[in-house]
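Asks:
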Amino acid sequence: MSRTIKNLDTIICDLAGDPLRGTDGPIAVRSVISNSIARGHSDEPARAMKVALSIYEAKKTVTLEDSDFKLAKGAVEADQVLNNMAKAAAFAALEAAEVGADA
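So in the working numbering, the last spot in the sequence shown is 92, and the numbers never skip.
(1) Look at the alpha carbon of Gly6 and the alpha carbon of Glu33, and state the distance between them as a whole number of angstroms.
(2) Could you check whether Val40 and Ala78 sit closer than 9 Å to each other, using their CB atoms as the reference points?
(3) Would you identify the three-state DSSP class for Leu53, choosing helix, strand or coil?
(4) Would DSSP call Ser31 helix, strand or coil?
(5) Is the beta carbon of Lys49 less than 9 Å from the beta carbon of Leu83?
(6) My understanding is that Ile26 touches Ala37, with C-beta atoms under 8 Å, so please give their C-beta distance in whole angstroms.
(7) By DSSP, does Gly89 sit in helix, in strand, or in coil?
(8) Measure the CB-CB distance between Gly29 and Asp68 and report whether it falls below 9 Å.
Quick look at the structure:
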């Protein structure tokens, strides 16, 4: 099985509707998820970085195998750097992921 995460390009906003900003400009959901994976700890760091890059480079939509999806979700859950707004936006995208059958 696989899961397709959409709206990775969604910009995260504060309560007033203003975009959260990082050093390179507004922060998108794809950056939050991919950086959570990159900052995390994994028994398979090369695989984790491959997943992080695939999410970051996907821009809008990415399809992940279930094991890679679980890695991404676990990284967001464990990330102590994220504030509630960023974590909530990442979880919204992850929980809205569409389940697909493998070809």
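Where is the CB? At the ideal position from N, CA and C, for every residue including glycine.
Replies: The relevant details are as follows:
(1) Numbered from 1 along the sequence shown, position 17 holds the residue referred to as residue 6. Numbered from 1 along the sequence shown, position 44 holds the residue referred to as residue 33. Roughly 38 Å separates the two Cα atoms.
(2) As a working mapping, residue 78 is identified with position 89 in the sequence shown. As a working mapping, residue 40 is identified with position 51 in the sequence shown. No, Cβ-Cβ distance for Ala78 and Val40 is not below 9 Å.
(3) For the purposes of this step, residue 53 is taken as residue 64 along the sequence shown, with counting starting at 1. Here Leu53 sits in strand by DSSP.
(4) What you label residue 31 is simply residue 42 of the sequence shown in a count that begins at 1. Coil.
(5) The residue given as residue 49 occupies position 60 in the sequence shown. The residue given as residue 83 occupies position 94 in the sequence shown. No; because the gap between Cβ atoms is not below 9 Å, this pair is not in contact.
(6) Here residue 26 is taken as the residue at index 37 of the sequence shown, counted from 1. Here residue 37 is taken as the residue at index 48 of the sequence shown, counted from 1. So it is a contact: roughly 5 Å between Cβ atoms.
(7) If you number the sequence shown from 1, residue 89 lands on position 100. DSSP places Gly89 in strand when its eight states are reduced to three.
(8) Your numbering for residue 29 matches position 40 in the sequence shown. Your numbering for residue 68 matches position 79 in the sequence shown. For Gly29 and Asp68, yes; Cβs fall inside 9 Å.
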